[in-house]
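Participant: Below: one structure in structure tokens.
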Amino acid sequence: MICKEEVDAFFKISEVGFYELPKIIKEIETKTKDLFQYDKINYLMLMMHDPEVHFHIIPRYSGEKTFANATFKDFGWPRMPGFDRVNEVESSVMKKLIEQLQKSFAC
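Following my numbering, the numbering of the sequence shown begins with 116 at its first residue and continues without gaps.
Here you go:
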């Protein structure tokens, strides 16, 4: 989730920008829940590489999930996301995943 305003610090977001935040989060969480039935959702704001204010949105799962015949595991559950391990998927699965997200969010 990237801030529309060109700011490089969270506190620099305008009141209008903060006013939109709950609406955007509700849309993200609702649509992501409908698509992937997550158990929890995490938001991570680091801004180390990209200077724009943004959050990484991480759906979390207590068990394995299947999408397009590929199995996904949340290696960090129930603690912090396990970024040291990733789910390897074929490019065709990644393409289907991106298409599903774009369709859901009308991108």
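Idealized CB from N, CA, C, for every residue including glycine. If you're wondering where the values come from, they're calculated on a predicted model, not measured in any experiment.
Determine the closest residue to Lys148 out of Glu121, His169, Pro174, Ser129, with distance taken between C-alpha atoms.
Facilitator: Per the Cα distances, Pro174.
Participant: Mind reading off the beta-carbon distance from Lys155 to Phe220? Whole number of angstroms is fine, and I expect it under 8 angstroms.
Facilitator: Actually they are not in contact, since the Cβ atoms of Lys155 and Phe220 sit about 20 angstroms apart, beyond 8 angstroms.
Participant: What's the C-alpha gap between Met209 and Asp189?
Facilitator: Taking the straight line from one Cα to the other gives about 17 angstroms.
Participant: Going by the beta-carbon positions, is the gap between Asn157 and Pro193 smaller than 8 angstroms?
Facilitator: Not in contact: Asn157 and Pro193 (Cβ atoms no closer than 8 angstroms).
Participant: Closer than 8 angstroms by C-beta to His169: which residues in its own chain qualify, once you throw out the five before and the five after it? Chain order, please.
Facilitator: Contacts found: Met116, Ile117, Cys118, Met160, Met162.
Participant: Which residues mark the beginning and the end of the beta strand (DSSP E) in which Lys155 is found?
Facilitator: 155-159 is the span of the beta strand (DSSP E), which, as asked, contains Lys155.
Participant: Under a three-way DSSP split, which group does Pro174 fall into?
Facilitator: Pro174 falls in the strand class under three-state DSSP.
Participant: Just the C-alpha distance for Val204 and Glu121, rounded to the nearest angstrom, thanks.
Facilitator: Going from the Cα of Val204 to the Cα of Glu121 covers about 34 angstroms.
Participant: Cβ of Pro166 within 8 angstroms of Cβ of Asp199?
Facilitator: No, the pair does not count as a contact, with Cβ atoms beyond the cut-off.
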